[in-house]
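Step one of this worksheet: look at the structure below.
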Amino acid sequence: MTESSPRVIATDLDGTIVRSDGTISARTVAALARVERAGAMLVMVTGRPPRWMTEIAAAVDHRGVAICANGAVLYDLHTETVLQANEIAPDVLAEVIGRLRGVVPELRFAVEYPTGFVFEASYDLGRWDAAALGGRPVDDAELVSRGGTKLLAFHPAADPDALSAKAVRAVGDLVTVTHSSGRGLLEMSALGVTKASALAALCTEHGITARDVTAFGDMPNDLPMLTWAGTSYGVANAHPLVLAAVSHKTSRNDDDGVAEVLERLFP
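Under our numbering, the first residue of the sequence shown carries the number 65, and numbering increases by one thereafter.
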């Protein structure tokens with residue numbers, strides 16, 4: 065590494081290095097390879113569950129470590145194994161779902177585990193095939209029968225920013241609420257668990273401070289990480305809250321904005 069190079073590169077995936085067509089460009093893959101080759105740590109920090117990391121691991125040639133489920137799961141990309149998980153307790157799941165149903169009756173719920181997930185029969189899976197992804201429909205009792213790494217709540221028509229604000233008021237004392245898409249999909253982790261908390265813990269284990277971390281993101285679930293890192297970048301397509309919070313901006317995900325920066329940092 066050069067003297068000015070960061071010791072850690074932490075990047076979100078979807079909307080940041082993953083393009084609109086769901087792929088990571090060859091240019092970005094090559095730029096990510098420079099990070100580990102230079103002796104720095106590469107961390108993918110994503111809202112994705114581990115089961116959605118197989119293609120990513122292959123695309124980046126199994127480089128780096130991943131923080132999944134918005135900070136709840138530490139995942140080794142070299143071996144594709146879960147290293148650590150931080151779960152929402154069953155009684156907390158039940159209380160959160162009960163409160164949210166009271167204020168937004170249209171919400172439908174799913175619970176993520178380190179491997180697999182369960183969901184209400186009326187939960188909208190969108191384009192994802194539940195059987196292929198290890199999910200199954202359950203009744204209300206089974207939905208909260210065990211702890212989960214993430215609680216999902218979907219509203220078919222709500223504005224995500226407004227829905228998130230309402231959920232924070234209702235259950236912000238029990239879980240961490242965020243969102244990362246243009247849909248009315250809430251993502252909830254155990255209280256205090258964020259991308260930043262998990263990244264900070266990982267860095268502490270390696271004797272690395274926030275000032276040695278450069279982070280990239282695009283959505284509100286990235287904000288804790290971006291405001292914690294010593295240097296932060298928002299891609300041009302990022303949510304307005306992200307663009308207002310970061311210290312630097314770069315090109316869109318579809319234009320390899322992260323790669324542009326990494327090529328300068330690791331020439």
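C-beta atoms are modelled at their ideal positions from N, C-alpha and C, and glycine is treated no differently.
Looking only at DSSP bridge pairs, what is residue i linked to?
i: Asp140; result: Val129, Thr145
i: Pro169; result: Paired residues: none, contrary to the question.
i: Asp78; result: Val82
i: Glu174; result: One point to set straight first is that residue 174 is Ala, not Glu, in the sequence displayed. BP columns for Ala174 point to Phe183, Leu216.
i: Thr291; result: DSSP, once it has assigned bridges, lists no residue as partnering Thr291.
i: His312; result: Tyr297
i: Ile73; result: Leu106, Thr278
Out of the options, state which residue places its alpha-carbon closest to the alpha-carbon of residue i.
i: Ala226; options: Thr213, Gly246, Leu207; result: Gly246
i: Asn317; options: Ala90, Ala133, Asp188; result: Ala90
i: Gly79; options: Ser244, Tyr177, Ala104; result: Ser244
i: Ile333; options: Glu324, Tyr139, Ser209, Arg328; result: The chain is shown from 65 up to 331; residue 333 falls before or after that span and cannot be answered.
i: Leu215; options: Ala262, Pro169, Arg328, Phe183; result: Phe183
i: Arg275; options: Gly248, Ser296, Asp319, Asp286; result: Ser296
i: Arg328; options: Pro154, Val167, Thr92, Asp76; result: Thr92
i: Leu77; options: Phe173, Ala231, Gly281; result: Gly281
i: Pro169; options: Met117, Ile88, Asp203, Pro220; result: Pro220
i: Thr273; options: Ser261, Gly198, Gly294, Asn285; result: Gly294
i: Ala260; options: Thr291, Gly198, Ser253; result: Thr291
i: Ile120; options: Arg83, Ala205, Thr314; result: Arg83
i: Ala205; options: Asp223, Asp188, Phe173, Ala222; result: Phe173
i: Asp188; options: Val137, Gly248, Arg210, Ala265; result: Gly248
i: Val322; options: Ala300, Cys267, Ala309; result: Ala300
i: Ser311; options: Gly298, Asp320, Asp319; result: Gly298
i: Arg210; options: Pro154, Tyr177, Pro224; result: Pro154
Let's test the definition: count the other Cβ atoms within 10 Å of the Cβ of residue i and tell me whether it reaches 16, buried, or not, exposed.
i: Arg200; result: exposed
i: Asp125; result: exposed
i: Gly256; result: exposed
i: Thr145; result: exposed
i: Thr66; result: Low per-residue confidence applies at Thr66: pLDDT is 49, beneath 50, and the placement is therefore not dependable, though the value from the model is reported in the following sentence. Exposed, because fewer than 16 other Cβ atoms sit within 10 Å of the Cβ of Thr66.
i: Pro304; result: exposed
i: Thr143; result: exposed
i: Ala229; result: exposed
i: Ala217; result: buried
i: Ser186; result: exposed
i: Ala279; result: buried
i: Thr268; result: exposed
With C-beta atoms as the reference, is residue i less than 8 Å away from residue j?
i: Met283; j: Val306; result: yes
i: Val111; j: Glu251; result: Note that residue 111 corresponds to Gly in the displayed sequence, not to Val. A contact, by the Cβ cut-off of 8 Å.
i: Ala104; j: Ser69; result: yes
i: Val160; j: Val72; result: no
i: Glu100; j: Gly128; result: yes
i: Arg165; j: Leu157; result: no
i: Ala74; j: Val277; result: yes
i: Arg233; j: Thr179; result: no
i: Leu147; j: Met108; result: no
i: Leu238; j: Ile131; result: no
i: Phe330; j: Arg98; result: yes
i: Gly198; j: Val175; result: no
i: Ala149; j: Val137; result: yes
i: Ser253; j: Ala123; result: no
i: Leu326; j: Leu96; result: yes
Closer than 7 Å to a non-hydrogen atom of the ligand GTP - does that hold for the CB of residue i?
i: Leu207; result: No copy of the ligand GTP occurs in the structure displayed, which carries no ligand at all.
Quick check for students: name the residue ranges of the beta strand (DSSP E) that lie wholly in the segment 82 to 108, counting only runs of 3 or more.
none
For the segment 200 to 240, which segments carrying the alpha helix (DSSP H) assignment without a break, of at least 4 residues, lie completely within its bounds, in sequence order?
If we require 4 residues or more, the alpha helix (DSSP H) runs fully inside the segment 200 to 240 come out as 204 to 207, 224 to 235.
Starting from the N-terminal side, write out each stretch of the alpha helix (DSSP H) that is 4 residues or longer and does not extend beyond the segment 234 to 286.
Counting whole runs of 4 or more residues, the segment 234 to 286 contains the alpha helix (DSSP H) stretches 259 to 269.
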